[in-house]
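Number of protein chains: 2
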Amino acid sequence: MQAIDRLIAKIEEKNSCVCVGLDPRFERIPEEVKKPIKEKMGETLEGLAQVLINFNYGILEAVEPYAPVVKFQISFYEQYGPAGLKALIESCKISREMGFEIILDAKRNDISSTAKAYADGYLGKVNLWGREEFIYDLDSMTVNPYLGKDGLEPFIEVAQKYDKGVWVLLKTSNPSSGDLQDLTLASGEKVYERLALQLQELGTNWCGESGYSNLGMVVGATYPEAAARLRKMLPRTFFLIPGYGAQGAVAAELEHFFNPDGLGGIVNSSRGIIFARKKDGEDYKSAARRAVLKMKQKINTIRGGRT
Amino acid sequence: MQAIDRLIAKIEEKNSCVCVGLDPRFERIPEEVKKPIKEKMGETLEGLAQVLINFNYGILEAVEPYAPVVKFQISFYEQYGPAGLKALIESCKISREMGFEIILDAKRNDISSTAKAYADGYLGKVNLWGREEFIYDLDSMTVNPYLGKDGLEPFIEVAQKYDKGVWVLLKTSNPSSGDLQDLTLASGEKVYERLALQLQELGTNWCGESGYSNLGMVVGATYPEAAARLRKMLPRTFFLIPGYGAQGAVAAELEHFFNPDGLGGIVNSSRGIIFARKKDGEDYKSAARRAVLKMKQKINTIRGGRT
Chain A
1 MQAIDRLIAK IEEKNSCVCV GLDPRFERIP EEVKKPIKEK MGETLEGLAQ VLINFNYGIL
61 EAVEPYAPVV KFQISFYEQY GPAGLKALIE SCKISREMGF EIILDAKRND ISSTAKAYAD
121 GYLGKVNLWG REEFIYDLDS MTVNPYLGKD GLEPFIEVAQ KYDKGVWVLL KTSNPSSGDL
181 QDLTLASGEK VYERLALQLQ ELGTNWCGES GYSNLGMVVG ATYPEAAARL RKMLPRTFFL
241 IPGYGAQGAV AAELEHFFNP DGLGGIVNSS RGIIFARKKD GEDYKSAARR AVLKMKQKIN
301 TIRGGRT
Chain B
1001 MQAIDRLIAK IEEKNSCVCV GLDPRFERIP EEVKKPIKEK MGETLEGLAQ VLINFNYGIL
1061 EAVEPYAPVV KFQISFYEQY GPAGLKALIE SCKISREMGF EIILDAKRND ISSTAKAYAD
1121 GYLGKVNLWG REEFIYDLDS MTVNPYLGKD GLEPFIEVAQ KYDKGVWVLL KTSNPSSGDL
1181 QDLTLASGEK VYERLALQLQ ELGTNWCGES GYSNLGMVVG ATYPEAAARL RKMLPRTFFL
1241 IPGYGAQGAV AAELEHFFNP DGLGGIVNSS RGIIFARKKD GEDYKSAARR AVLKMKQKIN
1301 TIRGGRT
């Protein structure tokens, strides 16, 4: 099954378009997760990696009923070097076994054979002494469009081969996203609007049976007016929507991100769910489960009247 | 010493502004490097990683007299997961011991705490159970500007703290780089020209004693006309110049990238040096040394008359 159809099937199954961002910040992980590992493995890099895995496992179990998708922000793993990547791969394996769709938020970008090396690693297979093997085996990944079409095509080609998806940054959620993305062109369009059309062309022949494209785009929850325009321009594009919760956007502002069919977007929250507990001693898993249920319900009220 | 002054000191010492790109493609690495490792470690991921390290070591020894800088394209390592990152870290350690300035070509980009996680990992220190430790400890890294100022500042802040540098993508070397970068704005400027001014402002208070900024920019050798304009706009900016050799640019086209002082750029070549040997059986190290010497001489003829 193509990536976008698989994603939609999971959204329908759980009646939820919530994506949980597994961006574990070690210093915020509860002591009760750290303590047993510290006693067993000491204050080592390997111990730290095991803390990330165990914490993620707790969150994954907690959010499983209400979230069809998880997103891993790779920076919080690769900053710890090889041990961090081991934690990422192990966490992805657990996510897969539990049935989640898995997005890697890596924002990678490069050209020709270099882009292909990223795509082979994360979405496809790499050549190990003549054998083709999966290393990460994720469902989709985010990429940055600054290099233009030939920086995106290698990702698309590998994704097509292995039924994976690609999410291209379009209008990002951060305060300065307009520095480049909102510049007005001689044609009167903004940079991100022109990019939207370029990307639509790239993705138009890569649609699933649902009619949605496997080339999704990242549009920040913090820019609802931009989303309203983009939604009209790109009816068959799924949006990956960061910026909900900790970054300030609320559910009512998400209305314009969805199509009348109640589809067309997945909304990510990271800190708002994984660090939902309010005080020491409170169970972080229960707090995460309550937070994701609440988020699912709130967003369902604004997408096609699903509650 | 600040990063840009350290780089210039090494350029002067070797009278060379050649940067060697250590982008090892496993399938192109000579059999004589692979064979002894295969016999000892088998056709494993760890064996593959050891092949990358040994190959890099050979190249580093070969190019040491003529190249002040090496650049690691991280995709060729991280595609192999944790074992690949181990090979990268080990190769960087060898490079440092041999006195090279080390650039990580990662083109990372993200916002606030996520960008800081990248910067801490690659340029600064990460917090391991309360201890602050270097994981990668590189001299500088490439970053992508699509997210705007608040996607760049965390990299700059960490770099400032640890005397490291940052190279921001400006006008990249690939054929489609114009899709976004060359769009004409309402003001008549191109996108990359406007970005150049934004970046200049960010880097202007971050100059070394040489007068050059620690915020460098990536400008492809394949676009000499753009470089001529940018050189005039940005006299105190160092350019990291990819696209020489395998990507088609020749030395004569590099003239406009340099200032009258013979400084202002480092020119990268990867495949043209590390895979310089013409046939099986030829020593890859001698071929790389000849290639880097030739490149150094050619480029010196066009920068301030240094030969």
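Order-wise, the sequence lines are chains A and B.
For the first sequence, the working numbering gives the first residue as 1, with consecutive numbering after it.
For the second sequence, the working numbering gives the first residue as 1001, with consecutive numbering after it.
Cβ atoms here follow ideal geometry from the backbone N, Cα and C, with glycine treated the same way.
- For E64/A, the secondary structure class from DSSP, reduced to helix, strand or coil, is coil.
- Of the candidates M41/A, P65/A, R25/A, Y66/A, the residue whose Cα lies closest to the Cα of N56/A is R25/A.
- N1144/B places its beta carbon less than 8 Å from that of L1169/B.
- By the 16-neighbour rule on beta-carbons within 10 angstroms, E193/A is buried.
- Taking a Cβ-Cβ cut-off of 7 Å, the neighbours of Y118/A in chain B comprise S1075, Q1079, given in sequence order.
- Taking the C-beta atoms as reference points, C92/A is found no nearer than 8 Å to I266/A.
- When 9 Å is used as the limit between beta carbons, F26/A is near these residues of chain B: V1126, N1127, L1128, W1129, in chain order.
- Residue contact with chain B for N54/A: absent (no Cβ-Cβ distance below 8 Å to any residue of chain B).
- DSSP places L128/A in the uninterrupted beta strand (DSSP E) bounded by 125-128.
- Under DSSP, L1185/B takes part in a beta bridge, and its partners are L185/A.
- Taking 9 Å as the cut-off between beta carbons, none of the residues of the stretch 224-239 of chain A comes near chain B.
- For N1056/B, the secondary structure class from DSSP, reduced to helix, strand or coil, is helix.
- The contact set of I89/A on chain B, defined by CB atoms closer than 9 Å, consists of G1081, P1082 in chain order.
- In this structure, DSSP gives T1114/B a helical state, which the three-state scheme calls helix.
- Excluding residues up to 5 positions away in sequence, I1004, R1236, F1238 lie with their Cβ nearer than 6 Å to the Cβ of Y1212/B in the same chain.
- Taking 8 Å as the Cβ-Cβ cut-off, the stretch 130-153 of chain A approaches chain B at G130, R131, I135, Y136, N144, P145, Y146, L147, G148, K149, D150, G151, given in chain order.
- The criterion of a C-beta distance shorter than 8 Å is not satisfied by K14/A and Y77/A.
- Rounded to whole angstroms, T1222/B and K1190/B show a C-alpha spacing of 17 Å.
- Distance check between E282/A and each of G178/A, E32/A, E43/A places E32/A closest, using alpha-carbon atoms only.
- Around I111/A, the same chain offers L147, D150, G151 as residues with beta carbons nearer than 7 Å, after the five sequence neighbours per side are excluded.
- Scanning the stretch 196-222 of chain A for uninterrupted alpha helix (DSSP H) segments of 4 residues or longer gives nothing; none is fully contained.
- C-alpha of E1157/B to C-alpha of G1084/B: approximately 28 Å in a straight line.
- DSSP, reduced to helix, strand and coil, places V1158/B within a helical segment of the structure shown.
- Between D1023/B and S1270/B, the CB-CB gap stays under 8 Å.
- The continuous alpha helix (DSSP H) containing R1231/B extends over residues 1224-1233.
- Identification of residues in the stretch 1199-1227 of chain B having a C-beta nearer than 8 Å to some C-beta of chain A yields an empty set.
- In terms of Cβ geometry, Q1198/B and D179/A form a close pair [threshold 8 Å].
- Residue pairing from DSSP places L1169/B in a beta bridge opposite V1218/B.
- Per DSSP, M41/A has no beta-bridge partner at all.
- If you draw a straight line from the Cα of S1286/B to the Cα of Y1244/B, it comes to about 20 Å.
- In its chain, beyond the 5 residues on either side, G264, G265, R303 have a beta carbon closer than 6 Å to the beta carbon of F258/A.
- Taking CB atoms only, I111/A has a neighbour in chain B less than 8 Å away.
- Comparing alpha carbon positions, the residue from L254/A, E209/A, G248/A, L7/A closest to A228/A is L254/A.
- With a 10 Å radius around the Cβ and a threshold of 16 neighbouring Cβ atoms, P260/A comes out exposed.
- Residues of chain A whose Cβ lies closer than 9 Å to the Cβ of G1121/B are, in chain order, S75, E78, Q79, Y80, G81, G84.
- Taking 7 Å as the upper bound on Cβ-Cβ separation, chain A lies near residues L1183, T1184, L1185, A1186, V1191, R1194, L1195 of the stretch 1183-1197 of chain B.
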